[in-house]
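Worksheet: one structure, shown below.
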Amino acid sequence: DGGITQSPKYLFRKEGQNVTLSCEQNLNHDAMYWYRQDPGQGLRLIYYSQIVNDFQKGDIAEGYSVSREKKESFPLTVTSAQKNPTAFYLCASKAGTGVYEQFFGPGTRLTVL
Amino acid sequence: QQQVKQSPQSLIVQKGGIPIINCAYENTAFDYFPWYQQFPGKGPALLIAIRPDVSEKKEGRFTISFNKSAKQFSLHIMDSQPGDSATYFCAASIAGGGNKLTFGTGTQLKVEL
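If you read the protein sequences in the order shown, they are chains A and B.
Take 1 as the starting number for the first sequence in our numbering and just add one per residue.
Take 1001 as the starting number for the second sequence in our numbering and just add one per residue.
Now the structure itself:
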């Protein structure tokens, strides 16, 4: 099955710990995105990558880091510098230039205790 | 700064009714306007999308109406069913800007029997 997988589905961490969320796609899409969803605020862009080994900050990048070493993988690290990390994190991907549609994974719910 | 404003926040309709969700945008550079449907605990699923060169697009029971001069677009769901009960998000993006999606804050739709 082609698609986007995110793991784990639920993640619990203690305050002050870094945590890495996984996102993998087998759609051969060039671009990948990370969004954060909070109740009543819609989705907000954290980071995005249009090609391997390149990525750009989104609207709320502070306290997060990413890497794009492989086309199919775009992991997100939530660092201890992120003040309010508890949220639902969504990964998306898109085919190449000229294609607009973004498709989302199932999400990871992160709870920081 | 919220660039895409969505209303209403919540909506209840009877089965067979036609719920209408509205969005307004500020940035005239936006050139792609998708709607997503999200069920609790799941990632958003792309429903339908429109480009600004057309005023209406239909896919099954879902219709987007687009008013470029008013900078508004709306989603109509024909013959709504209880299974349509979900949260709906409008979004907008610019093709040349990495296709970063700017989302509205969402509308919780409930379709009652």
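Glycine residues also receive a C-beta, built at the ideal position from the N, C-alpha and C atoms.
If you're wondering where the values come from, they're calculated on a predicted model, not measured in any experiment.
Burial state of residue i, where buried means 16 or more other Cβ atoms lie within 10 Å
i	result
K1058 (chain B)	exposed
Option nearest residue i by Cα separation, candidates the options
i	options	result
Y10 (chain A)	B:S1085, B:T1028, B:K1042 and B:T1105	B:K1042
Q114 (chain A)	B:R1061, B:N1067, B:G1017 and B:Q1009	Any property of residue 114 (chain A) remains undetermined from this structure, which presents chain A solely from 1 to 113.
Q1006 (chain B)	B:Q1014, B:Y1025, B:P1019 and B:V1013	B:Y1025
F103 (chain A)	A:L110, A:N18, A:A87 and A:Y33	A:Y33
I4 (chain A)	A:Q82, A:Q17 and A:C23	A:C23
is_contact[residue i, chain A] using C-beta, thresh 8 Å
i	result
L1101 (chain B)	yes
Y1025 (chain B)	no
A1092 (chain B)	no
Under 9 Å from the C-beta of residue i: neighbouring residues of chain A
i	result
F1089 (chain B)	G42 and L43
Interface residues of chain B facing residue i [CB-CB closer than 7 Å]
i	result
Y48 (chain A)	G1098 and K1100
Under 9 Å by beta carbon: chain B residues contacting residue i
i	result
P106 (chain A)	G1041, K1042 and G1043
K70 (chain A)	Chain B residues near K70 (chain A): none, gap ~19 Å exceeds 9 Å.
Y100 (chain A)	D1031, Y1032, P1034, A1049, R1051, S1093, A1095 and N1099
Chain A contact residues for residue i, given Cβ-Cβ distances below 7 Å
i	result
T1105 (chain B)	G40, Q41 and G42
Boundaries (first-last residue) of the beta strand (DSSP E) holding residue i
i	result
A31 (chain A)	A31 to Q37
Y64 (chain A)	Y64 to V66
V99 (chain A)	Run containing V99 (chain A): none; DSSP gives neither H nor E here.
V52 (chain A)	No beta strand (DSSP E) contains V52 (chain A), which DSSP labels as neither H nor E.
Y1032 (chain B)	From DSSP, Y1032 (chain B) is part of no beta strand (DSSP E); its letter is neither H nor E.
Min CB distance residue i to chain B below 8 Å
i	result
F103 (chain A)	yes
L11 (chain A)	no
Partners in chain B for residue i, counting only beta-carbon separations shorter than 8 Å
i	result
Q25 (chain A)	What Q25 (chain A) touches in chain B: nothing, since even the nearest Cβ is about 12 Å away.
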